[in-house]
Amino acid sequence: MRIGAHVDPTDPLAEATARDAEAVQFFLSDPQGWKAPKPREDAERLRDADVDLYVHAPYVINVATLNNRIRIPSRKLLLGHAAAAAAIGAKGLIVHGGHVNAGDDLAVGFDNWRKTFAYAADSGGFPLPVLIENTAGGDNACARHLDALARLWDVLGDHEVGFCLDTCHAHAGGEELLGLVDRVKAITGRIDLVHANNSKGAFNSGQDRHDNLGGGTIEPELVVAVIRAAGAPVIVETPGGVDGQSADIAFLRDQLGAESRAA
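Heads up: the sequence shown begins at 1 in full-length UniProt numbering, then just goes up one per residue.
Listed below in structure tokens is the structure:
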């Protein structure tokens, strides 16, 4: 159960050292833009490092939408990020579950996810695990509520798909954290990564606003319980830079004890 943080992409390994982190997550391009990631000059150093790497895909990606002008570029950008993430030895590529617009059939959105994996298969498949992340808001989201997540996994059953559980998103999205891991695993069979975040927004607020583990509207012990039950690597995406994230990592290590240092 290795613990780390979402960091600035300029020098992820230095950021890991500053936080005493065993894992880091970062972007490979502008998270709000459509530009493909460029090869990194430090790729060999990243591959050889004793730090687990995770890449977060840009927020603009939405492969579920019925809008061709967003869905088709999203597929291409997701595949491009997967290749770039694999080139630096990342263990997973995290991407939000996406949504359809009001009035559109959510079933089509699920099928668009299936087509995304079929599209990737045509070029040899994704070169590393793609981890779909639950989201906090939206009435037409593919991965906010567990009933929608179950429909998504039913459609993707023929493909190898990972899952990233965000505690802030779950709480703000209206899913109780108590017992959540068991309910998720009953659907997905797995949790590959936990985003350990407290939530500034209230339960079921739909607000994607992260807070440090000791603040927010979630009891910190509930976040720890989710991590312990999931048994997966952990990334904090909390505010406060080095100081704030170091404190969150130290808190989790203290609460989890020897578990947190296991490979």
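Think of the CB as a built atom: it goes at the ideal place given N, C-alpha and C, for glycine as much as any other residue.
From a predicted model like this one, the values you see are computed outputs, not experimental measurements.
{"Item": "Cβ-based neighbour list, arginine 209, same chain, cut-off 7 Å, excluding 5 preceding and 5 following", "Value": "Ser199, Lys200 and Gly201"}
{"Item": "Every unbroken alpha helix (DSSP H) inside the region 137 to 181 [4 residues or more]", "Value": "146 to 155 and 167 to 172"}
{"Item": "Exposed unless 16 or more other CB atoms sit within 10 angstroms - verdict on lysine 91", "Value": "buried"}
{"Item": "Buried versus exposed, by CB contacts within 10 Å (16 or more), asparagine 39", "Value": "The displayed chain sequence assigns proline, not asparagine, to residue 39. Burial call: exposed."}
{"Item": "Opening and closing residue of the beta strand (DSSP E) in which phenylalanine 26 lies", "Value": "23 to 26"}
{"Item": "Cα-Cα separation between glutamate 41 and leucine 178, rounded to whole angstroms", "Value": "43 Å"}
{"Item": "Cβ-Cβ distance between glutamine 162 and valine 194 below 8 Å", "Value": "Note that residue 162 is glycine in the sequence shown here, rather than glutamine. Their beta carbons are not under 8 Å apart, which means glycine 162 does not touch valine 194 by this criterion."}
{"Item": "Host beta strand (DSSP E) of tyrosine 54 (start-end)", "Value": "52 to 56"}
{"Item": "Cross-strand partners of leucine 193 (DSSP beta bridge)", "Value": "Cys164"}
{"Item": "Option in Gln255, Gly124 and Gly174 with minimal Cα separation from aspartate 147", "Value": "Gly174"}
{"Item": "Separation of methionine 1 from valine 226, as counted between CA atoms", "Value": "12 Å"}
{"Item": "Residues of its chain near proline 12, where Cβ-Cβ distance is below 6 Å and the 5 sequence neighbours each way are ignored", "Value": "Val24 and Phe26"}
{"Item": "Top-ranked residue by Cα proximity to histidine 171, from Leu128, Glu219 and His159", "Value": "Glu219"}
{"Item": "Proximity of histidine 96 and glutamate 133 at Cβ, strictly below 8 Å", "Value": "yes"}
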